[in-house]
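The sequence shown begins at 9 in my numbering and counts up by one. Glycine residues also receive a C-beta, built at the ideal position from the N, C-alpha and C atoms. No experiment lies behind these values; they were computed from the predicted model shown.
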Amino acid sequence: YRGTDPKKAMADFMERVKQYEARYEPVDDAEECAYIKLVNVGDKVITRRCGGYLTSQLGFYLGNVHIQPRRIWLALHGESQLQVESRRVGAATGHLTPRGRCFARRLASFVKDAHASFREEHVDTDPEIVVLTGNAPIHSQTIKPLLADPLAFEAAPRVSTSSLLNELCGGDFDGLSVKEIQDRYPAVWHRRMADKLRFRYPGAGGESYLDVINRLRPILIELERQRKSVLLVTHLAVQRCLYSYFTGTDAEAIPYLPLPAGAVLELTPTPHGTQ
9 YRGTDPKKAM ADFMERVKQY EARYEPVDDA EECAYIKLVN VGDKVITRRC
59 GGYLTSQLGF YLGNVHIQPR RIWLALHGES QLQVESRRVG AATGHLTPRG
109 RCFARRLASF VKDAHASFRE EHVDTDPEIV VLTGNAPIHS QTIKPLLADP
159 LAFEAAPRVS TSSLLNELCG GDFDGLSVKE IQDRYPAVWH RRMADKLRFR
209 YPGAGGESYL DVINRLRPIL IELERQRKSV LLVTHLAVQR CLYSYFTGTD
259 AEAIPYLPLP AGAVLELTPT PHGTQ
C-alpha cells in the first residue's frame, strides 16, 4: 500500500479480510490436532495439545509478542581503565576513564533527545523508558548521568539490573590480557580462535558465546514483551548476541560482529522485522 491513500488502503484491506473470512475455515477441536491460535497479535493466545517442550515454549513466546511502537537502544559501557590496560572486557571491576565518563554524559543526552523525538511521533506510547544493565560497577557508572536529572523525562526511567547481562565469563582467565593468554596458554588461545562460538573458557563459571545466548533468553522475552522503549547497557559479547537476535544474524558470525564502541545502536521493531 505504499503511496496509496490511507483510507483507500484500509478499505481494500478490510475487503480482503472479508474475502478471507468467507473462504477460510478456522481450526477447532474437531480437527484432533495440536494448534496455537494467535488473535490480534497477542490479545489472545489459544493453545491445544501443546504439552511438548517446543510447542509450550512457542505458546509462551507468542503470548509476549506485540506490534506496539517502541525503540530499543543498545550501548556498550563507557571506556574503563581495564580496557586501557588491555585487559579482558569481561572483568567486572574497574572504573570509567575520563573518556568513558564523557561517553556516559553524551549517552544520556542522546537518549533524552531520541525518546522525546519518538514520543512526538507516537504520542500514545508509554512515556517511561526502561533501562536494563548488568550489575558491574561500570554499568551503573555509565547510566549515572542519565538518572541524574529525572525531570528531563516525562517519567523517570525505570532501572533494572541483572547478572544475565554481564559479560561472557572468562573463568580462570578472567582479567588476563589477550597477550597474557597468547603467551602463557597458547593451546587455549588456539582452541578459542578455532571456534569462538563454542569455545568455553576453562575454570569455574567459564562461558562460551553459546552459553551467553542461552542465558539471554529471559532478557529477549522481556524485550519482546516490553511495550516501553528500552536502553540496554552491556559488554561486547552480550551486545553482539542481542543485536544478532533482532537482525537475524547467523550464529556463527556473532563472535565477529564489529559493533562500535562509543556509539548507540537504535533498533525499531516493526511487524515486518527490525529496522
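Same chain only: Cβ atoms within 8 Å of P263, ignoring 5 sequence neighbours per side: K204, L205, Y217, A245, R248
Own chain, CB closer than 6 Å to E232, minus 5 neighbours either side, in chain order: N72, V73
Runs of beta strand (DSSP E) wholly within the segment 97–140 (minimum 3 residues, chain order): none
Residues of its chain near V97, where Cβ-Cβ distance is below 7 Å and the 5 sequence neighbours each way are ignored: Interpretation of V97 is limited by its pLDDT of 42, a score under 50 that renders its predicted location unreliable; the figure taken from the coordinates is listed afterwards. Within the same chain, V97 has close Cβ partners Q91, E175, H243, L244.
Helix, strand or coil at I75 according to DSSP, with G and I counted as helix: coil
At least 3 beta-carbon pairs within less than 8 Å: the segment 103–119 vs the segment 72–88: yes
Under the three-state DSSP convention, the category G281 falls into: strand
C-beta atoms of I137 and K236 nearer than 9 Å: yes
Selected residue, minimal CA-CA separation from E93, among E162, V186, G214: V186
When T105, H123, P153, Q190 are compared against A163, the one with the closest alpha-carbon: H123
Simplified DSSP assignment, three categories, for E87: coil
Among E188, L173, R57, D182, the one whose alpha carbon lies nearest that of H147: L173
Range covered by the beta strand (DSSP E) that runs through R56: 52–56
Separation of E128 from T12, as counted between CA atoms: 24 Å
With 16 other Cβ atoms within 10 Å as the buried cut-off, status of S252: buried
CA nearest to the CA of I229, picked from Q283, L250, P268: L250
7 Å CB neighbourhood of A259 in its chain, flanking five on each side removed: L205
Top-ranked residue by Cα proximity to G79, from G59, Y61, A116, S125: It should be noted that the sequence gives Arg, not Gly, for residue 79. Nearest of G59, Y61, A116, S125 to R79, Cα basis: S125.
Integer-rounded CB distance, given that V272 should sit under 8 Å from L140: Not confirmed; about 14 Å, so no contact.
Reduced DSSP category for E40 - H, G, I as helix; E, B as strand; rest coil: coil
Residue of P226, K45, Y28 minimising C-alpha distance to V35: K45
Reference G179, options E188, G213, F207, closest by Cα: G213
Where the beta strand (DSSP E) containing S168 begins and where it ends: 166–169
Start-to-end residues for the alpha helix (DSSP H) that takes in S185: It is not in any alpha helix (DSSP H) - S185 carries neither H nor E in the DSSP assignment.
Exposure label - R200; buried when at least 16 CB within 10 Å: buried
Rounded separation between M18 and V49 - CA only: 18 Å
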